[in-house]
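Note sheet for the following structure.
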């Protein structure tokens with residue numbers, strides 16, 4: 184691991200980035216399944232800006248893979264509150280409507296915060312808050328195939344819409360904004376189903392959690 188901070192203070196924030204369909208959500212969810220309530224997960228996608236004033240047809244054409252598509256200031260505020268031990272009201276994004284929903288989810292703080300999203304490493308302010316930075320990569324053909332399957336099954340999209348969005352914004356933005364952030368990663372892994380990488384990170388998180396328990400007992 185390169186560039187790991189030595190002045191660790193809890194909670195620990197672990198950023199997990201990567202292109203669409205790379206497996207970053209899978210990797211994040213696998214860690215969550217191991218540690219359950221001992222970790223808090225924030226998905227950058229939930230911080231897409233609300234577009235209530237824009238018709239659905241126009242919302243379909245928005246570039247959702249550009250840094251400006253996210254309300255990063257709100258995410259930063261929520262991360263600071265979690266670090267202070269406060270519970271936040273996290274927004275919820277509705278992929279079927281290409282818009283933020285009117286619902287919120289209560290997210291409680293914990294010793295470990297997993298922050299997942301395609302562009303979580305693109306903002307200097309977010310990177311500065313992270314203790315560990317992970318980039319999940321995968322072959323481009325695999326990524327688009329996974330995206331098609333996911334968007335059809337889970338997000339109610341049709342193939343034509345998926346292809347148009349991928350060619351017009353997703354692919355060019357990946358090479359312009361997402362791929363370059365790999366240089367900031369402490370760890371680069373191949374696929375979210377990489378068991379060895381999962382074991383390494385799970386061991387590290389377990390070690391960090393044990394340290395916090397020892398400190399609280401001291």
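In my numbering, the protein residues as written are 184 to 401. By construction, the Cβ of each residue, glycine as well, lies at the ideal position given by its N, Cα and C atoms.
- Inside the stretch 185-224, DSSP marks whole alpha helix (DSSP H) runs of 4 or more residues at positions 207-218, from first to last along the chain.
- Taken atom to atom, the span from the alpha-carbon of residue 231 to that of residue 275 is near 9 angstroms.
- The residue among 246, 351, 389 and 196 with its C-alpha nearest the C-alpha of residue 265 is 196.
- Here residue 202 really is in contact with residue 362; their C-beta atoms are around 7 angstroms apart, less than 8 angstroms.
- For residue 247, the secondary structure class from DSSP, reduced to helix, strand or coil, is coil.
- If only complete runs of 4 or more residues are kept, the stretch 295-366 shows the alpha helix (DSSP H) at 307-312, 323-337 and 342-348, in order along the chain.
- For the set 369, 328 and 205, the Cα lying nearest the Cα of residue 313 is the one of 369.
- Checking the DSSP bridge columns, you'll see residue 274 partnered with 287.
- Going by beta carbons, residue 388 and residue 210 fall outside the 8 angstroms limit.
- Pairwise C-beta distances place the stretch 256-265 in contact with the stretch 296-315, as three or more of them are shorter than 8 angstroms.
- Beta-bridge partners assigned by DSSP to residue 388: none are found.
- Between the alpha carbons of residue 332 and residue 364 lies a distance of about 26 angstroms.
- Residue 373: member of the beta strand (DSSP E) spanning 370-373, first to last residue.
- Sorting 199, 194, 193 and 192 by C-alpha distance to the C-alpha of residue 371 places 199 at the top.
- Between the alpha carbons of residue 226 and residue 284 lies a gap of roughly 15 angstroms.
- When the Cα atoms are used, residue 310 and residue 229 turn out to be separated by approximately 18 angstroms.
- If you ignore the 5 residues before and after residue 355, its C-beta comes within less than 6 angstroms of no other C-beta in its own chain.
- Counting along the chain, no alpha helix (DSSP H) covers residue 234, and no H or E run does either.
- The residue from 208, 194, 193 and 240 with its alpha-carbon nearest to that of residue 330 is 208.
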